[in-house]
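A quick write-up on the structure given underneath.
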Amino acid sequence: MTQAHDQWLAQPRNLKSSFPVLLLAMATGAVDAISFMTLGGVFTSVMTANLALFGLAIATHDMLLAGHAALAIIAYTCGVLLGSRVASVPGRARWSGARIALLAEVIIMTGAMTAWAALDGKPAGTGQLVLLAAMAVCMGCQGGMIRAAGGPNLSTTYMTGALTGALVALAVRKEVERYNIAVIAMLPTGAGLAALLVTHARAAALALPLVLLTAALTLSFRRPVPH
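Throughout the sequence shown, residue numbering follows the working numbering, covering 16 to 242 in sequence.
This is the structure in structure tokens:
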């Protein structure tokens, strides 16, 4: 099982040791904000919303929105298959499957950042579709990697389950799940920062999730990895 190789994804005893996961959640918020604001009004990680948007678009004959939503769903699906497959393959002591999947995400996001900068942060037409697909693949890769290597109770790309779980723990067991609450809080934080960049420094907006993903990968090596 990959869990033995990827203890940096396990729920830590303190928030300090959870920095890589927190950074991944912040990157998700940033990518979703950028995609919603600039890539056709759809999301790259929230497939529940995209499925609803697709149905709405079909019903209202908005084929442009339907196309963007469908592309995001398909690309995210491909990313999940990639990330989960790579993360489930046992790696060496330090380069576990999960880290290789995260490295793949960083590489794809680097390509997206290069294209974004070349388009001055104003993609349109084919460029917009390519960027949407690349960013949705990244989020799917992250989501698949987290589920395969971190277990079903950990997520950095969708927060409905985490929020529900935290509220149930509070209501039923009177427990405050600080770790899950911190992860949830990172998503709107990343979205807010990305929105500011899109508004005031558009060409550099994709640098934010790229830096966050790279930092998460780097920090993941700081925790002990058993042989």
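From the three backbone atoms N, C-alpha and C, an ideal C-beta is built for every residue, glycine too. Being a predicted model, the structure only gives us computed values, none of them experimental.
Euclidean distance between Cα positions of residue i and residue j
i, j, result
"P35", "A230", "7 Å"
"F236", "L227", "15 Å"
"A148", "A87", "6 Å"
"G70", "H76", "10 Å"
"I73", "E190", "43 Å"
"M201", "L24", "16 Å"
"L211", "T204", "11 Å"
"A133", "L221", "12 Å"
"Q18", "G180", "Its pLDDT being 45, under 50, Q18 is placed unreliably in this model, and the value from its coordinates should be taken loosely. One C-alpha to the other measures close to 21 Å."
"L144", "H83", "7 Å"
"M78", "L169", "35 Å"
"L54", "T171", "21 Å"
"L146", "V187", "43 Å"
"F58", "M174", "14 Å"
"G140", "L225", "23 Å"
"A197", "L38", "11 Å"
"I122", "L232", "12 Å"
"L68", "I89", "14 Å"
Per-residue DSSP class, three states only, for residue i
i, result
"P105", "coil"
"D135", "coil"
"L221", "coil"
"T229", "helix"
"N65", "helix"
"T172", "coil"
"L180", "The question names Leu, yet the displayed sequence has Gly at residue 180. It is helical."
"H76", "coil"
"P167", "coil"
"V145", "helix"
"F34", "helix"
"A119", "helix"
"A216", "coil"
"V95", "helix"
"L54", "coil"
"T59", "coil"
Cβ distance (whole Å) where residue i is taken to contact residue j below 8 Å
i, j, result
"A119", "C156", "6 Å"
"S111", "R162", "The Cβ separation is near 15 Å, so there is no contact."
Nearest neighbour of residue i, chosen from the options [CA to CA]
i, options, result
"G94", "I49, V46, G159, L146", "G159"
"T43", "V145, L208, T233, L234", "L208"
"G176", "D47, A133, I199", "I199"
"V61", "M78, L79, A40", "A40"
"V101", "F58, G165, M52, I115", "I115"
"H215", "T141, D135, N168", "D135"
"C153", "L169, T141, P105, M128", "M128"
"Y91", "L37, S50, A186", "S50"
"A48", "V104, A151, G126", "A151"
"L223", "R188, L97, M124", "M124"
"A85", "W131, A64, G142", "A64"
"V213", "I196, L182, K137", "K137"
"G166", "R193, S103, G142", "S103"
Heavy atom of the ligand GDP within 7 Å of residue i beta-carbon
i, result
"A148", "Among the components of this structure there are no ligands whatsoever, and the ligand GDP is therefore not found."
Chain B contact for residue i (CB, 8 Å cutoff)
i, result
"A210", "Protein chain content of the structure displayed is limited to a single chain, and chain B is not contained in it."
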